[in-house]
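2 protein chains.
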Amino acid sequence: MSAPALTKNQALVFDVLEKADGPLSAYTILDKLRDHGFRAPLQVYRALEKLLEYGVVHRLESINSFVACAHPGENCHSHGIVAFAICESCGQVMEFHDHEVDHRLMDWTRGKKFKAEKTTIEIRGLCEACAA
Amino acid sequence: MSAPALTKNQALVFDVLEKADGPLSAYTILDKLRDHGFRAPLQVYRALEKLLEYGVVHRLESINSFVACAHPGENCHSHGIVAFAICESCGQVMEFHDHEVDHRLMDWTRGKKFKAEKTTIEIRGLCEACAA
DNA sequence: ATCGCACACGTTATAGCATAACGCAATTGA
DNA sequence: TCAATTGCGTTATGCTATAACGTGTGCGAT
Ligand SMILES: [Zn+2]
Ligand SMILES: [Zn+2]
Ligand SMILES: [Zn+2]
Ligand SMILES: [Zn+2]
Numbered sequence: 000m001s002a003p004a005l006t007k008n009q010a011l012v013f014d015v016l017e018k019a020d021g022p023l024s025a026y027t028i029l030d031k032l033r034d035h036g037f038r039a040p041l042q043v044y045r046a047l048e049k050l051l052e053y054g055v056v057h058r059l060e061s062i063n064s065f066v067a068c069a070h071p072g073e074n075c076h077s078h079g080i081v082a083f084a085i086c087e088s089c090g091q092v093m094e095f096h097d098h099e100v101d102h103r104l105m106d107w108t109r110g111k112k113f114k115a116e117k118t119t120i121e122i123r124g125l126c127e128a129c130a131a
Numbered sequence: 000m001s002a003p004a005l006t007k008n009q010a011l012v013f014d015v016l017e018k019a020d021g022p023l024s025a026y027t028i029l030d031k032l033r034d035h036g037f038r039a040p041l042q043v044y045r046a047l048e049k050l051l052e053y054g055v056v057h058r059l060e061s062i063n064s065f066v067a068c069a070h071p072g073e074n075c076h077s078h079g080i081v082a083f084a085i086c087e088s089c090g091q092v093m094e095f096h097d098h099e100v101d102h103r104l105m106d107w108t109r110g111k112k113f114k115a116e117k118t119t120i121e122i123r124g125l126c127e128a129c130a131a
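Structure, rendered in structure tokens:
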């Protein structure tokens, strides 16, 4: 599941996300890529689908946006559950892992015999700078 | 923040959610209430906004749906973070709380001086029955 | 070689989710 | 009574995501 060479469209989308200073919606990405020939949402969504699969991009469910993984190189998927803190003022996102949280949630799912496939942890609020 | 008497529209929406055996989208709720005079999405969204505020309904960010709180009576907001396990096959939702998870996440936010406002924890996968 | 398949891509159309903006009516409290 | 608040109804619009169709390209099997 590690990333093979990206196709042209995948590379363009990834590049936009990496250079952005916060999460972007698919349509914002589309707008930024019109000069590179992008014309339709599907071009973005199809690239995102692969980038998510490769683990180099994350989807923020609570704000319908996408962000480049903060841990380039390491395969983020292998770190267990990924959590995000999202500043609702400046849009900055912090990505982190907490194995103890993973364990607690896994304990719960084991107890319920629930087969977890994908777990979302997103904390929305204000970053230190914006809360001041 | 505990629930005052619900208005007519709020009661209708809440009733639909309580009787449902799983989460519903706003537009599904709208369809179920057409016979009761609902004509537009805003009627649903405005009711949901209040029900969420009162803590008697939860929003599932990862599936753009809404579900009645599984803990009627108790003020769910006071239990700390609410977590959900969502079966992607049958749609069933289990709601639970884990104070240890809360503590770990609060420790992290304190360390980063991040002011958390709303935290989402959603586990998607297969329930025991559907995983068999 | 050429057939079949998998995959990326482009385009158009459509489906699904959410809110803006206007105006009206009922309630409340000064 | 007057102003402020809240709920409500309607129309229009915007944002998010996918369906369905067809094209081209690379690559292994026959
Ligand atoms: Zn990551
Ligand atoms: Zn901030
Ligand atoms: Zn609850
Ligand atoms: Zn199930």
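Chains as they are written, first to last, in numbering that gives the first Met the number 0: chain A, 0 to 131; chain B, 0 to 131.
C-beta: ideal position from N, C-alpha, C; glycine also.
These figures come from a predicted structure and were not determined experimentally.
Output the boundary residues of the alpha helix (DSSP H) element that contains residue i.
i: B/LYS18; result: 7–18
i: B/LEU125; result: Premise fails: B/LEU125 lies in the beta strand (DSSP E), 114–125, not in any alpha helix (DSSP H).
i: B/ILE28; result: 25–31
i: B/VAL100; result: 98–111
Assuming residue i and residue j are in contact, meaning their beta carbons sit under 8 Å apart, how far apart are those beta carbons, in whole angstroms?
i: B/LEU104; j: A/VAL100; result: 7 Å
i: A/ALA136; j: A/ILE122; result: Missing from the structure shown is residue 136 of chain A; chain A here goes from 0 to 131 and no further.
i: A/HIS96; j: A/ILE80; result: 7 Å
i: B/GLY54; j: B/HIS76; result: 4 Å
i: A/THR108; j: B/SER61; result: So it is not a contact: roughly 16 Å between Cβ atoms.
i: A/LEU5; j: A/PHE13; result: 6 Å
Would you call residue i buried or exposed, if buried means 16 or more other Cβ atoms sit within 10 Å of its Cβ?
i: B/TYR26; result: exposed
i: A/PRO3; result: exposed
i: A/LEU41; result: exposed
i: A/LYS114; result: buried
i: A/ALA82; result: buried
i: A/MET0; result: For A/MET0, the predicted structure reports a pLDDT of 49, less than 50, and the residue's modelled location is therefore unreliable. A value from the coordinates is still provided. With fewer than 16 Cβ atoms within 10 Å of its Cβ, A/MET0 is classed as exposed.
i: B/SER64; result: buried
i: B/CYS86; result: buried
i: A/CYS89; result: exposed
i: B/LYS31; result: buried
So which residues on chain B does residue i lean against when the C-beta distance must stay under 9 Å?
i: A/PHE95; result: TRP107, LYS111
i: A/THR119; result: GLU60, SER61, THR119, ILE120, GLU121, ILE122, ARG123
Give me the DSSP bridge partner(s) of residue i.
i: B/PHE37; result: According to DSSP, which records beta bridges pairwise, B/PHE37 is partnered with nothing at all.
i: A/GLU52; result: DSSP, once it has assigned bridges, lists no residue as partnering A/GLU52.
i: B/ALA67; result: B/VAL56
i: B/VAL92; result: B/ILE85
Could you tell me which chain A residues have their CB closer than 9 Å to the CB of residue i, listed as they occur along the chain?
i: B/ALA115; result: ALA84, ILE122, ARG123, GLY124, LEU125
i: B/ALA130; result: LYS112, PHE113, LYS114
Going along chain A, which residues have a C-beta under 8 Å from residue i?
i: B/VAL100; result: VAL100, ARG103, LEU104
Got a sec, what are the start and stop residues for the beta strand (DSSP E) residue i sits in?
i: B/VAL81; result: 81–86
i: B/HIS57; result: 56–59
Less than 8 Å separating the Cβ of residue i from some heavy atom of ligand 5?
i: B/CYS68; result: For the structure depicted, ligand 5 is absent and the ligand set comprises only ligand 1, ligand 2, ligand 3 and ligand 4.
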